[in-house]
Every structure is written in structure tokens, then in C-alpha cells.
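**Q**
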Amino acid sequence: MPEAKEEEYYVILSQLPGYVNTLNSNINNYFSRFNNEICKKFTKDNFNSNEIYINLCLGVFKFSQYLSQDTLPTADRSAWCKDLDYWLKNELKNIQDNECSNTCIYRKLKLIDPKNYYQINACENEIKDIKDSTFMNIEKLYTLYDNLNKYMNIFFTNDISLCDNAIECVNLYEHQITQCNPQSNNAICDALKKFKDDYNTQMKTDTKCIEVKKKLLYPETEEIAEEGRRYGEDNGLSDRQSSRENADTTDTVSSGSSTTFNIIIVVVVSLVVSKVLFILYKFEAFRSPINNPLQKMKNMWRNINERKNELPIFEQEPENTNFIERRYSIAYHSS
Numbered sequence: 001m002p003e004a005k006e007e008e009y010y011v012i013l014s015q016l017p018g019y020v021n022t023l024n025s026n027i028n029n030y031f032s033r034f035n036n037e038i039c040k041k042f043t044k045d046n047f048n049s050n051e052i053y054i055n056l057c058l059g060v061f062k063f064s065q066y067l068s069q070d071t072l073p074t075a076d077r078s079a080w081c082k083d084l085d086y087w088l089k090n091e092l093k094n095i096q097d098n099e100c101s102n103t104c105i106y107r108k109l110k111l112i113d114p115k116n117y118y119q120i121n122a123c124e125n126e127i128k129d130i131k132d133s134t135f136m137n138i139e140k141l142y143t144l145y146d147n148l149n150k151y152m153n154i155f156f157t158n159d160i161s162l163c164d165n166a167i168e169c170v171n172l173y174e175h176q177i178t179q180c181n182p183q184s185n186n187a188i189c190d191a192l193k194k195f196k197d198d199y200n201t202q203m204k205t206d207t208k209c210i211e212v213k214k215k216l217l218y219p220e221t222e223e224i225a226e227e228g229r230r231y232g233e234d235n236g237l238s239d240r241q242s243s244r245e246n247a248d249t250t251d252t253v254s255s256g257s258s259t260t261f262n263i264i265i266v267v268v269v270s271l272v273v274s275k276v277l278f279i280l281y282k283f284e285a286f287r288s289p290i291n292n293p294l295q296k297m298k299n300m301w302r303n304i305n306e307r308k309n310e311l312p313i314f315e316q317e318p319e320n321t322n323f324i325e326r327r328y329s330i331a332y333h334s335s
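Mind the numbering: the sequence shown is residues 1 to 335 in full-length UniProt numbering, read in order.
Right, here's the structure in full:
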């Protein structure tokens, strides 16, 4: 039982959504002469007439017939057959209680067309069993490219609602890239890196989805991760470098200005403090010799005034006494 490898499908991921759309369209529109009774018999013989398998049968037969066209480049057939293998796995995983793998289904279908009338052998070497874990990884990347392809239609339709598909690309990518690091060496991380490049290429010419992130990053080195944090999301690399240089210059000037300002403050404060201390010192030295004599003179005059106020009281008494004596005295003449 051949088993599919992830790397084989990652090579065609960018075209895979288109291949699947073509295959689904062929089921309804291509090869109308195909006898649907063949698939009904196939379902009855192998799956108890479960009609879910009818669509699967039609897809394999009609797409095999489509691939047999001479107009289809031979080099592309391998990729188209891998698409058929992916489509088969996707159909089978949605069938409840299914126990048949891709190669199992393919073998049963070949029994219906032993003479290869419907060219079912066209993909015989490309039909392989895909493990569930491998399919999950392929499906994640398929969804990324499906959204990117839908977004790219904006260049033909001018439908800005397709910007939602670009936003979905960013959200899905940034969620999935967390499993990768600069030392990662596995197929899915390499495929995510490839998607990052494809997305960034498309966004270089975008002028319609203003709010959509234009550049995805991959954690290749710490310098690149730092670049993403430094420059942000919305501008081109050259504009971001210029902004960064201007920011660095501003930071340098601000730092120098701050240092100069601090020095000036220290000098001014020192001068003011020195001046104040000098004035206080001089004032104290001047006040001491002047203030003490004044205080002494003040005390002396206060004492003099006190004595003066007391002195007239005692000095006037004799005067008054003499006056009284003169007033009431009788002069006697000697005989």
C-alpha cells in the first residue's frame, strides 16, 4: 500500500484549490455521456447502495477522462493526479463509518473498467493513501492558498469584500507559524515559509485592502523577528527603515538635551545656594556688632527716663513747701 508524503503535495499547494474546483465542476458538467448506472452498480456491490459513494465514483471516472485529453500538458498530469488523490481523501473522511482508503476505492473502481475504457489508469501511479496527520497539515495549507486565490480575484472584480480572504490568510498563517522556529527543519514549516513569500509578493501591489497586513514574517532569525516588532505592519521596508532612523535621531537629541538640562539645573542651584549662604553669613556678621550697642543705648536711655520721671517729684516738693511757707509766714520785725 503506497503512502503519500507531505512534500509531494506541498509542491502543488498554490494550484491545488484551482484543481479541486475544476474536478468538482467536471462531476456535473463534463463527460455528459458517462453512464451514471455504472456508479450506482459500484455503490450497490461495495457499499450497500450508500449514495454518498456515487459522487465519489463519478469524480474519479470523469476526472480521469478529463486528464486523458491531448490538450492537457503531460507535465501537469502528475499534479492533477495528486489533486485527485487529495480530493478522494477529503471525500472519504466525510463519510461516516467509512473503512476504505484511497487505494481501496481505486482498486474497486478499476474492476468496473478492466479495459480502461474511461481512462481510469491515468492516475494509477499517483493514487496513494494519505495518513490523517498528513492530510490535516495539507488541509491547513490548502485553506491558506484557497483564501489567497480568492483574494487575488480582487484585481479583476474590484470587490473589496475579498479583503476578508486576505485577513483570513493573515490570521491562519500567524496561528500556524507558532509551531515553527529558526531551527525548524520540517516540510510544513518550509511550506509555510513558501506561502509567506507568495502572500508578500501579492501584497506588494495591493492598494485596495488598506487595513490588511501587507507583510508576513517567518521566525528565521531573531534579527528578522526584531525587524517585525520594530517596523510594524502597514508600511514598506524602506519607509520603515527611514522612520526608524528618524526615531533614533530623535532619541539621541532628546537624550543629549536631557543631560544638558540636568547639568544646567545643578549649576544654577549650586550658585543660588552659595549666594544665599553668603548673604546670610554677611548679614549675621553685620548684625552682631551693630545690634548690641543699639540695644545697650536703648537700655541706657530707658534708665535715664525712668530716673528723670522720678526726680521732679522729689525736687518740686521743697519748692512747694517754700511757697507755702512764704504764703502763710508772718514777718516779725524786731523792735
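Virtual Cβ for every residue (Gly too), placed ideally from N, Cα, C. Quick caveat, the model's predicted, so the values are computed rather than measured.
1. When you compare only the Cα positions, how much space is there between K40 and I127?
2. Is it buried or exposed, K93, if we count other Cβ atoms within 10 angstroms and call 16 or more buried?
3. Which residues in the same chain as I160 place their Cβ atom closer than 6 angstroms to its Cβ, once the five residues preceding and following it in sequence are excluded?
4. Quick one: what's got a C-beta closer than 6 angstroms to Q15's C-beta in the same chain, skipping five residues either side?
5. Which class does E174 belong to by DSSP, given the choice of helix, strand or coil?
6. What does the alpha-carbon distance come out to for the pair S254 and N153?
7. Apart from the five residues on each side of it in sequence, which residues of its chain come closer than 6 angstroms, Cβ to Cβ, to F135?
8. If you draw a straight line from the alpha carbon of L141 to that of A166, how long is it in whole angstroms?
9. Take V212 and list the residues in its own chain whose beta-carbon comes closer than 8 angstroms to its own, dropping the five residues that flank it on each side.
10. Express the C-alpha separation of E3 and L172 in angstroms, rounding to a whole number.
11. Tell me where the alpha helix (DSSP H) around V20 begins and ends.
12. Quick one: measure Cβ to Cβ for E174 and K82, integer angstroms, because I've assumed they're closer than 8 angstroms.
13. Output needed for L144: all residues of its chain with C-beta closer than 7 angstroms, excluding positions within five of it in sequence on either side, in chain order.
14. Kindly confirm or deny that the stretch 60–80 and the stretch 13–32 touch, where touching means at least three C-beta pairs closer than 8 angstroms.
15. Leaving out five residues on either side along the sequence, give the residues of the same chain with a beta carbon under 6 angstroms from the beta carbon of F42.
16. Closer than 8 angstroms, CB to CB, is E91 near chain B or not?
17. Give the single residue among F156, F155, A187 whose Cα lies nearest to the Cα of I138.
18. Let me check understanding here. Comparing Cα to Cα, which of S274, D85, I120 lies closest to L67?
19. Whole angstroms are fine: how far does the CA of E6 sit from the CA of N185?
**A** The relevant details are as follows:
1. By one-based count along the sequence shown, residue 40 stands at place 40. By one-based count along the sequence shown, residue 127 stands at place 127. Taking the straight line from one Cα to the other gives about 22 angstroms.
2. The residue labelled residue 93 in the question sits at position 93 within the sequence shown. With fewer than 16 Cβ atoms within 10 Å of its Cβ, K93 is classed as exposed.
3. On the sequence shown, residue 160 is found 160 positions in, with the first residue counted as 1. Contacts found: K208.
4. Mapped onto the sequence shown, residue 15 falls at position 15. Nothing meets the Cβ criterion.
5. Translated into positions along the sequence shown, residue 174 becomes position 174. In the structure shown, E174 sits in a helix (DSSP, three-state: H, G or I).
6. Position 254 of the sequence shown, counting from 1, holds the residue named residue 254. Position 153 of the sequence shown, counting from 1, holds the residue named residue 153. Residue placement at S254 cannot be trusted, given a pLDDT of 49 that sits under 50; the coordinates are not used to answer.
7. Taking the sequence shown and counting its residues from 1, one reaches residue 135 at position 135. K89, listed in sequence order.
8. By 1-based counting over the sequence shown, the position of residue 141 is 141. By 1-based counting over the sequence shown, the position of residue 166 is 166. Looking at the two C-alpha atoms, the distance is approximately 14 angstroms.
9. If you number the sequence shown from 1, residue 212 lands on position 212. Same-chain partners within the cutoff: C163, A166, I167, V170, M203, D206.
10. Position 172 of the sequence shown, counted from the first residue, corresponds to residue 172. Position 3 of the sequence shown, counted from the first residue, corresponds to residue 3. About 27 angstroms.
11. Counting from one through the sequence shown, the residue named residue 20 turns up at place 20. Counting along the chain, the alpha helix (DSSP H) containing V20 begins and ends at 16–29.
12. Within the sequence shown, the letter at position 174 stands for residue 174. Within the sequence shown, the letter at position 82 stands for residue 82. About 28 angstroms separates the two Cβ atoms, so there is no contact after all.
13. Taking the first residue of the sequence shown as position 1, residue 144 is located at position 144. Answer for L144: C169, L172, Y173, F195, listed in chain order.
14. yes
15. Reading the sequence shown from its first residue, position 42 is the one you call residue 42. C57, I112, listed in sequence order.
16. Looking at the structure shown, chain B is missing, and only one protein chain is on hand.
17. Taking the sequence shown and counting its residues from 1, the one referred to as residue 138 is at position 138. Looking at the Cα atoms, A187 is the closest of the given residues.
18. Indexing the sequence shown from 1 puts residue 67 at position 67. Closest option to L67, Cα to Cα, is I120.
19. As a first step, residue 185 is located in the sequence shown; it is residue number 185 there, counting from the start. As a first step, residue 6 is located in the sequence shown; it is residue number 6 there, counting from the start. Taking the straight line from one Cα to the other gives about 13 angstroms.
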